[in-house]
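Enquirer: Residue numbers (this note's numbering), protein chains in the order written: chain A, 374 to 551; chain B, 843 to 988. For every residue, glycine included, the Cβ atom is placed at its ideal position computed from N, Cα and C. No experiment lies behind these values; they were computed from the predicted model shown. Okay, handing you the structure first.
Structure follows, in C-alpha cells:
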C-alpha cells in the first residue's frame with residue numbers, strides 16, 4: 374500500500390519528538406481508530422478511553438514503528454489492543470445498557486427508526502467478537518487479515534466469525550428485509 | 843497541514859466487498875449507530891477537535907519513553923531484588939564453604955595425625971614379613987643343601 378508522503382513526513386517529525394506532528398496524525402486517524410474501538414467495546418465512553426490509551430501507547434512506541442507500514446494499520450492494532458484490554462479489565466455493561474448506548478436518536482432522521490432499533494438490538498445479541506468482526510468488515514471495510522491482526526486472531530477465524538455473524542443478523546432481521 | 847490529507851473513506855473500501863456482505867442500508871445504519879453521539883455536523887467537528895485536544899493533553903503528559911522506562915524500572919526493581927538475593931546467596935555460600943573447608947581441613951589433619959601409626963605399621967609389617975620370608979628362604983636353602 375502506498376503511504377502518503379504527508380503522512381510519512383508527519384511520522385518522521387513525530388518520531389523526532391514533534392508533538393504538533395503527532396497531533397496531525399491524531400487528527401488524521403482518530404475517526405477510524407474510534408470506530409475500531411467502538412466496534413469492540415460498543416459503548417461510546419469506553420471507546421473514547423481505549424482510543425486515548427491507544428494514542429498514548431502509540432506515541433510511546435513511535436520509535437518501534439516501521440515506516441514501511443501504514444501508520445493507520447499500526448495505530449488501529451494498538452487501539453484494538455487497548456480496547457481488548459479494557460474489555461478484559463471491565464466486564465462490559467449489561468445488554469440493556471448496550472442497546473441504549475447503540476441507539477443514536479439524533480442521527481439519520483430519514484432512516485427507518487424500526488431498522489435502527491432492530492439492528493442495534495440484534496447487534497447486541499451477537500457474541501462480542503462476531504459483532505466486532507461484522508462491523509469492522511461490512512461497515513468499515515477492513516479485510517479478514519486486517520481484522521485478524523487487530524483482534525489477535527487468524528484471518529480464517531475472522532472470516533468464519535463474519536459468516537456466522539451475518540447469518541445470525543439476517544435471521545434476526547429477516548422480517549425487515551424485502 | 844494534516845487537514846489536507848485524504849484517505850479513502852469506508853464506502854470506497856467496501857466497494858470490493860463480497861456479495862454476501864450486509865446491504866448498504868444496513869451497513870450505513872450500523873455505522874451511524876457507532877459514531878460518537880453528537881447532534882449535528884458542527885457539533886461533530888467540535889467533538890473531534892475536543893477529543894484531539896484531550897488525546898494530546900494525555901500525550902503531552904506522557905514521557906515518550908515512559909513505557910520503556912516503566913518496563914525497565916519494573917525490571918530494574920526486580921533486578922535489584924535479584925542482585926541483593928544473589929549477593930546474599932553468594933555470601934552465605936561463601937561462608938558455608940569456608941566453614942566446611944575449615945572443617946574438612948581439620949578432619950583431614952586429624953585423620954592424618956591419628957592414622958600415622960597405622961600408616962607406619964604397614965611398612966613395618968611388610969619389612970617384618972619380608973624378614974620372615976628371608977629367614978624362611980634361608981632355612982629352605984639350608985635343608986635343600988643336604
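What does a CB cutoff of less than 8 Å around residue 403/A pick up in its chain, not counting 5 residues either side in sequence?
Expert: Position 30 of the first chain, counting from 1, holds the residue named residue 403/A. Result list for residue 403/A: 424, 428, in chain order.
Enquirer: Are the C-beta atoms of residue 933/B and some chain A residue less than 9 Å apart?
Expert: Taking the second chain and counting its residues from 1, the one referred to as residue 933/B is at position 91. So, not an interface residue.
Enquirer: Please report the straight-line C-alpha distance between residue 552/A and residue 936/B, rounded to a whole angstrom.
Expert: What is shown of chain A runs 374 to 551, which leaves residue 552/A out entirely.
Enquirer: Name the chain A residues that come within less than 7 Å of residue 868/B, Cβ to Cβ?
Expert: The residue given as residue 868/B occupies position 26 in the second chain. By Cβ distance, chain A contributes 492.
Enquirer: Under a Cβ-count criterion, where at least 16 other Cβ atoms within 10 Å of its own Cβ denotes burial, should residue 419/A be classed as buried or exposed?
Expert: Along the first chain, read from residue 1 onward, the residue named residue 419/A stands at position 46. It is buried - the Cβ of residue 419/A has at least 16 other Cβ atoms within 10 Å.
Enquirer: Residue 877/B by DSSP, collapsed to three states: which one?
Expert: Taking the first residue of the second chain as 1, we reach residue 877/B at position 35. Of the three classes helix, strand and coil, the one that applies to residue 877/B here is coil, per DSSP.
Enquirer: Excluding sequence positions up to five away, which residues of its chain have a Cβ less than 6 Å from the Cβ of residue 886/B?
Expert: As a first step, residue 886/B is located in the second chain; it is residue number 44 there, counting from the start. Within the same chain, residue 886/B has close Cβ partners 880.
Enquirer: Can you tell me whether residue 903/B is buried or exposed? The criterion is at least 16 other CB atoms within 10 Å of its CB, across all chains shown.
Expert: Taking the second chain and counting its residues from 1, one reaches residue 903/B at position 61. Exposed, by the Cβ-count rule.
Enquirer: Over the uninterrupted alpha helix (DSSP H) stretch that includes residue 397/A, give me the two end residues.
Expert: On the first chain, position 24 is the one that residue 397/A refers to. Looking at the DSSP string, the run of the alpha helix (DSSP H) that includes residue 397/A is 392-414.
Enquirer: Against chain B, which members of the region 407-418 of chain A pass a CB distance test of less than 9 Å?
Expert: Listed by position along the chain: 407, 408, 411, 412, 415, 417.
Enquirer: For residue 844/B and residue 406/A, what's the separation of their Cα atoms in angstroms?
Expert: The residue labelled residue 844/B in the question sits at position 2 within the second chain. The residue labelled residue 406/A in the question sits at position 33 within the first chain. A caution first: residue 844/B carries a pLDDT of 42, below 50, which makes its placement in the model unreliable, though a value can still be read off. Their Cα atoms are separated by approximately 16 Å.
Enquirer: Count the CB pairs spanning the region 517-532 of chain A and the region 488-499 of chain A that are closer than 8 Å, and state whether there are at least three.
Expert: With the cut-off at 8 Å, the region 517-532 of chain A and the region 488-499 of chain A do not touch.
Enquirer: Could you tell me which chain B residues have their CB closer than 9 Å to the CB of residue 421/A, listed as they occur along the chain?
Expert: To locate residue 421/A, count along the first chain from 1; it is residue 48. 878, 893, 896, listed in chain order.
Enquirer: Please list, in chain order, all residues of the same chain as residue 537/A whose beta carbon is under 7 Å from its beta carbon, the five residues on each side excluded.
Expert: For the purposes of this step, residue 537/A is taken as residue 164 along the first chain, with counting starting at 1. Taken in chain order, the residues that qualify are 503.
Enquirer: Anything in chain A within Cβ reach of residue 928/B, meaning under 9 Å, just list it in chain order.
Expert: The count along the second chain starts at 1 and reaches residue 928/B at position 86. Within 9 Å Cβ-Cβ: nothing; residue 928/B doesn't reach chain A, min ~31 Å.
Enquirer: What is the residue span of the alpha helix (DSSP H) that residue 380/A lies within?
Expert: Mapped onto the first chain, residue 380/A falls at position 7. 378-388 is the span of the alpha helix (DSSP H), which, as asked, contains residue 380/A.
Enquirer: Note the first and the last residue of the continuous alpha helix (DSSP H) segment covering residue 523/A.
Expert: In the first chain, the residue the question calls residue 523/A occupies position 150. Residue 523/A -> alpha helix (DSSP H) spans 517-524.
Enquirer: Would residue 864/B and residue 426/A be called neighbours here (beta carbons separated by less than 9 Å)?
Expert: Position 22 of the second chain, counted from the start, is the residue given in the question as residue 864/B. Position 53 of the first chain, counted from the start, is the residue given in the question as residue 426/A. No, the Cβ-Cβ distance between residue 864/B and residue 426/A is not below 9 Å.
Enquirer: Applying the 10 Å Cβ sphere with the 16-neighbour rule, what's the burial state of residue 397/A?
Expert: Counting from one through the first chain, the residue named residue 397/A turns up at place 24. So residue 397/A ends up on the buried side.
Enquirer: Check each candidate in 434/A, 525/A, 449/A, 415/A and name the one with the smallest Cα separation from residue 500/A.
Expert: Sequence index remark: in the first chain, residue 500/A carries index 127 (1-based). Cα-wise, what sits closest to residue 500/A is 415/A.
Enquirer: Roughly how many whole angstroms lie between the Cα atoms of residue 941/B and residue 952/B?
Expert: Here residue 941/B refers to the residue found at position 99 of the second chain. Here residue 952/B refers to the residue found at position 110 of the second chain. Distance between the alpha carbons of residue 941/B and residue 952/B is about 16 Å.
Enquirer: Anything in chain B within Cβ reach of residue 428/A, meaning under 8 Å, just list it in chain order.
Expert: Working through the first chain from its first residue, we reach residue 428/A at position 55. Under the 8 Å cutoff, chain B gives 897, 900, 901.
Enquirer: Whole angstroms are fine: how far does the CA of residue 930/B sit from the CA of residue 890/B?
Expert: For the purposes of this step, residue 890/B is taken as the residue at position 48 of the second chain. For the purposes of this step, residue 930/B is taken as the residue at position 88 of the second chain. Those two C-alpha atoms are separated by around 57 Å.
Enquirer: Rounding to the nearest angstrom, what Cα-Cα distance links residue 883/B and residue 876/B in this structure?
Expert: Sequence index remark: in the second chain, residue 883/B carries index 41 (1-based). Sequence index remark: in the second chain, residue 876/B carries index 34 (1-based). Going from the Cα of residue 883/B to the Cα of residue 876/B covers about 15 Å.
Enquirer: Kindly indicate which three-state DSSP category residue 462/A falls into: helix, strand or coil?
Expert: Stepping through the first chain from its first residue, residue 462/A is reached at position 89. The answer is helix: DSSP assigns residue 462/A an H, G or I state.
Enquirer: What's the gap between the Cα of residue 430/A and the Cα of residue 541/A?
Expert: Counted from its first residue, the first chain places residue 430/A at position 57. Counted from its first residue, the first chain places residue 541/A at position 168. Those two C-alpha atoms are separated by around 35 Å.
Enquirer: Please state the DSSP three-state secondary structure of residue 477/A.
Expert: Within the first chain, the letter at position 104 stands for residue 477/A. Here the model assigns residue 477/A a pLDDT of 46, short of 50, so the residue's position is not dependable, and the following value carries that caveat. Residue state, collapsed to three classes: coil.
Enquirer: To which residues of the same chain is residue 457/A closer than 8 Å at the C-beta, ignoring the five residues directly before and after it?
Expert: As a working note, residue 457/A is residue 84 in the first chain. Around residue 457/A: 413, 524, 525.
Enquirer: So, under 8 Å CB-CB, residue 399/A and residue 438/A are touching, yes? Tell me the CB distance rounded to an integer number of Å.
Expert: Within the first chain, numbered from 1, the residue matching residue 399/A stands at position 26. Within the first chain, numbered from 1, the residue matching residue 438/A stands at position 65. 14 Å between Cβ atoms; not a contact.
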